[in-house]
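Asker: Let me begin by handing over the structure; questions about it come next.
Protein chains: 2
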Amino acid sequence: MAHPTLVIDNLQYANWSQKIFQQMNEGGVSAVHVTIAYHEQFRETVANMKAWNLWFEQFPDLIFQGFDAKDVERAREEGRTAIFFGFQNPSPMEDDIGLIEILHRLGGRFMQLSYNNQSFLATGCYEDEDPGITRFGKQAIAEMNRVGMVIDMSHSAERSTLEAIELSTRPIAITHANPHAWHPALRNKSDAVLKALTQAGGMLGFSLYPHHLKGGTDCTLESFCGAIADAAQAYGAEHLGIGSDLCQDQPDSVVTWMRNGRWSKETDYGEGSASNAGFPPQPGWFRDNRDFGNISKGLVNVGFSEKEIAGIMGENWLRFYRQAFSPI
Amino acid sequence: MAHPTLVIDNLQYANWSQKIFQQMNEGGVSAVHVTIAYHEQFRETVANMKAWNLWFEQFPDLIFQGFDAKDVERAREEGRTAIFFGFQNPSPMEDDIGLIEILHRLGGRFMQLSYNNQSFLATGCYEDEDPGITRFGKQAIAEMNRVGMVIDMSHSAERSTLEAIELSTRPIAITHANPHAWHPALRNKSDAVLKALTQAGGMLGFSLYPHHLKGGTDCTLESFCGAIADAAQAYGAEHLGIGSDLCQDQPDSVVTWMRNGRWSKETDYGEGSASNAGFPPQPGWFRDNRDFGNISKGLVNVGFSEKEIAGIMGENWLRFYRQAFSPI
C-alpha cells in the first residue's frame, strides 16, 4: 500500500531486524539513510553491505537498496522503504581516493569527512584544534563532488565544516545535528555553520538522539518542533529535514565502539560520561519509526504550513537526493 | 671479518639487492635502519617483511634482522649488517593502536607520526596548517613509548614535532633531515626543533638526499661536514648521526609513489618539480654504502676529534638504540 505522505529519515543506525523493517513500513517511511560504517575500513564495510544484501533478499516486501531519488518514489508507491548507505567516517575509503568511486558504485551516498577525531581529510568536533580541510581532504571533496557522494559534516569541527561548504561545488549535508543555539552540545551546530550550509543549498537533518536534545530524554515535542520553527525562520524551512540518529535496539557495547573504535586504549565517553556511558533512552514521543506522525503533528502545532511540513518530513531530502546522488 | 669502526646508517630506502648488501659489507656498515613502509597498510607491510625474510635467508653472510642494540655489536663482530625495520608513515598501524605492539614484535623500531600530509596522529610538513598532535596521536605516543618504538618526526610539521618531543617520555629521533639554517628546504629542521629534540636526548640523522643538501647534487663534502660541525657546536656532537636517505637503484616510479601514495589523483612533485620529477643524482662523494669513509675523512677535516667522529658515524645511534628499543 502506497505511503500517504512522504517520510524520509536521513540517519539511522539501528540493530537491524525484521521488527524494525516492519516498523518502517508501519510508520510509512519511504527512505532511510542508514549508517553502515563508523570505523570500518573498506573490507569491513563490504561485509556490512553483504549483511544488508541478505536482508534485502529476506525482506523484499519491506526494504530494498536505494541508489537514486527515483527509488524513493518507487518505495513510496509500493509501500516499501528504500535503504541508502552512508558512512560516518571516511574509514571505508582508507587512504585511497580511488575507493570513493568504488564506494559510490556500491551505493554509498553520504560520507562524513571526520568522526569526532582528526581524519586524513578533516577535523572532528572532539579535537582541541581544527586546521580545516587537509591536502587529501581537498582532493577527496572534488572526487566526492564528481561521483555524487554527499559530504556530511555532522561530527566535524567548525572550521573544517565551513571550509568543506566553501570548497564543495555541490551542496553538502549535516545529516544529524541540531542548532547549538537551541541546545549547546558539542555536536550541535553554530549559527555561522548553519547559515553557510543553507545559503549554499545544503540540508540540516534534525537529530532525535537525546544528547542532541534540549533536556535530553526529557525534551518535549514542543521544544523540538520549536527549534525547527526557529531554524526555519533563520535558514528557510526548505533546508530542513529529519536525521533521527535512531540507534534502536543497540547494546551499549555499540556506543563504546562508536566512540572508541580502535584508536583508544582508554575509554572515551564522548557525549556521555563514566556514570552515563550507554545509549540514552529516547523521548516517549519518538521511540521508533512508527512515531514520525508525532513530529508532523508537533510541526502543525508550532505553526508550519502543510507544504512546509511535507518538506521537512521528506520532500526536502527528496529534492536534495535528486541533486546530489548522480555524477556531474 | 669484524668491522674496524662502527658505522650505522639510520635511514635507507634502496631497491634492495645482493649488490647493495655486498656494498654494505664492503663499506663496513654494521647497521641500517631500512624503510619498509611509505604508505603501506598493515598487511602490505607484512608482505614487505616477508620479502626481507627471504633476503635474510638468501644472504645470511651479509645481513640479518636486528631487534636490539646487541644485534649491532654482533653484526660488527661478525662483519655483517643488522637490518632494522622502520616506517615513514603510521600507515602500517592503520587506525588501530593495538597494532603498535604487534609491529614492534615484528621488528618495527622507528615510525614517523606523519609523512608530508596530515595523518591520524600528527601533521606533515607539506600541509598549510599544523594543529599539533591529535587525540589519537597522544595515545599512540604513549603506546610507542611503552613498547619501545621510536617516534620519528623527519617529515612532520613544526608544531607537531615540538609537541611530540614534549609529549614523549622517551627521546625521539629525526632520522633523516638537516638543519634549515644550512639549507632552507621545507623538510629541513628549524633551530627551535633541533634544540628541543637534542635537549630531550633525541637524535638527528644527517641526510644525504640531494634535496636536503645545500647546492643539491653539487653539495661539497666540506659544506656537508661543515653543517655537521655547526650543529655539533649548537646542539652537541653526541646527538648527531647519519641517516643518509639513500634511495639507491630506485626507479623514478618509486619517488612518485612516495609522494602520491593513494591519496592524490593529481601528481604531487614534493621536493621536486614537473621538470625535475625523479630521484636526484647523489653527490660524487656519497654514491652508496662504500662511501662512509669519505664522510669520516670530511669530519676530520672540519676539526672533529676521533671520539666525536666515532659517535657521529655510529656510536651515537648505538647508544640511542640501547635506550630506545626495549619496552619500559
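For the protein sequence lines, the chains are A and B, in the order given. With the numbering used here, the residue at position 97 of the first sequence is 97, and numbering never jumps. Here the numbering used here runs 1000 ahead of the position in the second sequence, where the first position is 1. No residue lacks a Cβ here, since even glycine has one placed at the ideal position from N, Cα and C.
What first and last residue would you give for the beta strand (DSSP E) that runs through Ile1020(B)?
Answerer: Run containing Ile1020(B): none in the beta strand (DSSP E); it sits in the alpha helix (DSSP H), 1018 to 1026.
Asker: Within 8 Å (strictly less), CB to CB, does Trp263(A) reach chain B?
Answerer: Yes, Trp263(A) lies at the interface with chain B (some Cβ there is under 8 Å from its Cβ).
Asker: Is the stretch 1109 to 1122 of chain B touching the stretch 1155 to 1168 of chain B in the sense that three or more CB pairs, one from each, lie closer than 8 Å?
Answerer: Flag = yes, the stretch 1155 to 1168 of chain B and the stretch 1109 to 1122 of chain B touch.
Asker: Does any residue of chain A bring its CB to less than 8 Å from the CB of Glu1143(B)?
Answerer: Chain A, which has a Cβ nearer than 8 Å to the Cβ of Glu1143(B), makes this yes.
Asker: For Pro329(A), which residues of its own chain have a beta-carbon under 8 Å away from its beta-carbon, when the five flanking residues on both sides are left out?
Answerer: The structure shown does not extend to residue 329(A), since chain A spans only 1 to 328, so no value can be given for it.
Asker: Return yes when the Cβ of Arg1135(B) is within less than 8 Å of the Cβ of Asn89(A), no when it is not.
Answerer: Not closer than 8 Å, so no.
Asker: Output yes or no for whether 8 Å exceeds the beta carbon distance between Gly108(A) and Phe87(A).
Answerer: Yes. Within cutoff.
Asker: Along the chain, where does the alpha helix (DSSP H) containing Gly1293(B) start, and where does it finish?
Answerer: Gly1293(B) -> alpha helix (DSSP H) spans 1292 to 1301.
Asker: Would you please state the rounded distance, in angstroms, between the beta carbons of Thr35(A) and Leu62(A)? I believe it to be under 8 Å.
Answerer: That pair is no contact at about 19 Å.
Asker: Is it a yes or a no for the stretch 1020 to 1035 of chain B touching the stretch 1280 to 1289 of chain B, going by three-plus beta-carbon pairs under 8 Å?
Answerer: Touching, per the Cβ criterion.
Asker: How is the alpha helix (DSSP H) around Arg1259(B) delimited, first residue to last?
Answerer: Note, Arg1259(B): alpha helix (DSSP H), 1252 to 1260.
Asker: By DSSP's criteria, Val150(A) is part of a beta bridge. Which residues make up the other side?
Answerer: DSSP output for Val150(A) lists Phe110(A) as bridge partner(s).
Asker: The stretch 22 to 54 of chain A: which residues have C-beta closer than 8 Å to a C-beta of chain C, in chain order?
Answerer: Given the protein chain composition of this structure (A and B), no chain C is represented.
Asker: Let me know the alpha helix (DSSP H) ranges lying completely inside the stretch 137 to 208 of chain A, each 4 residues or longer, listed in chain order.
Answerer: Entirely contained in the stretch 137 to 208 of chain A, the alpha helix (DSSP H) runs reaching 4 residues are, in chain order, 158 to 167, 191 to 199.
Asker: Rounded to a whole number of angstroms, what is the C-alpha to C-alpha distance between Arg170(A) and Asp1268(B)?
Answerer: The straight-line gap from Cα to Cα measures roughly 25 Å.
Asker: If you check the beta carbons only, do Val1150(B) and Ala1277(B) fall under 8 Å apart?
Answerer: Not closer than 8 Å, so no.
Asker: Which residues share a DSSP beta bridge with His3(A)?
Answerer: Bridge partners of His3(A): none, in fact.
Asker: Measure the alpha-carbon distance for Asp249(A) versus Arg146(A) and round it to whole angstroms.
Answerer: Roughly 36 Å separates the two Cα atoms.
Asker: Whose C-alpha, out of Ala234(A), Val254(A), Ile242(A), Leu11(A), is nearest the C-alpha of Gln112(A)?
Answerer: Nearest of Ala234(A), Val254(A), Ile242(A), Leu11(A) to Gln112(A), Cα basis: Leu11(A).
Asker: Which runs of the alpha helix (DSSP H) fall wholly inside the stretch 1066 to 1129 of chain B and span at least 4 residues, in chain order?
Answerer: If we require 4 residues or more, the alpha helix (DSSP H) runs fully inside the stretch 1066 to 1129 of chain B come out as 1069 to 1078, 1099 to 1105.
Asker: Helix, strand or coil: which one does DSSP assign to Asp1245(B)?
Answerer: Correct three-state label for Asp1245(B): coil.
Asker: Just verifying my parser: in three-state terms, what is the DSSP assignment at Ser1273(B)?
Answerer: If DSSP states are grouped into helix, strand and coil, Ser1273(B) belongs with the strands.
Asker: Going by CA-CA distance only, name the one from Pro283(A), Leu299(A), Glu77(A) that's closest to Lys214(A).
Answerer: Minimum Cα distance to Lys214(A) is reached at Pro283(A).
Asker: Using a Cβ-Cβ cut-off of 8 Å, state whether Arg135(A) counts as contacting chain B.
Answerer: It does; some Cβ of chain B falls within 8 Å.
Asker: Answer with yes or no whether the minimum CB distance from Gly1132(B) to chain A is below 8 Å.
Answerer: Interface residue, yes.
Asker: Can you grab the Cα-Cα spacing for the pair Tyr1115(B) / Trp1257(B), in whole Å?
Answerer: Rounded to the nearest angstrom, the two C-alpha atoms are 12 Å apart.
Asker: Under three-state DSSP, which class holds Thr217(A)?
Answerer: In the structure shown, Thr217(A) sits in a helix (DSSP, three-state: H, G or I).
Asker: Report yes or no: do three or more beta-carbon pairs, one from the stretch 230 to 238 of chain A and one from the stretch 305 to 312 of chain A, lie closer than 8 Å?
Answerer: The stretch 230 to 238 of chain A is in contact with the stretch 305 to 312 of chain A.
Asker: Is it buried or exposed for Lys189(A), if we count other Cβ within 10 angstroms and need 16 for buried?
Answerer: Label assigned to Lys189(A): buried.
Asker: In chain order, what residues of the stretch 60 to 72 of chain A put their CB closer than 8 Å to some CB of chain B?
Answerer: Of all residues in the stretch 60 to 72 of chain A, none has a Cβ within less than 8 Å of some Cβ in chain B.
Asker: Could you spell out where the beta strand (DSSP E) holding Thr1035(B) opens and where it closes?
Answerer: Counting along the chain, the beta strand (DSSP E) containing Thr1035(B) begins and ends at 1031 to 1037.
Asker: Quick one, which of Leu1167(B), Phe1085(B), Phe1304(B), Met1049(B) has its alpha-carbon nearest Gly1137(B)'s?
Answerer: With distances taken between Cα atoms, Gly1137(B) lies closest to Leu1167(B).
Asker: Tyr1126(B) touches chain A at which residues, Cβ-Cβ below 8 Å?
Answerer: The answer, in chain order, is Arg135.
Asker: Just curious, the beta strand (DSSP E) that Ile1312(B) is in, first and last residue?
Answerer: Where Ile1312(B) is concerned, there is no enclosing beta strand (DSSP E), given that its DSSP letter is neither H nor E.
Asker: By the DSSP assignment, the alpha helix (DSSP H) with Leu11(A) in it spans what residues?
Answerer: Segment 8 to 12 is the beta strand (DSSP E) holding Leu11(A); no alpha helix (DSSP H) there.
Asker: Gly241(A) and Trp317(A): beta carbons closer than 8 Å?
Answerer: Cβ distance < 8 Å, so Gly241(A) and Trp317(A) count as in contact.
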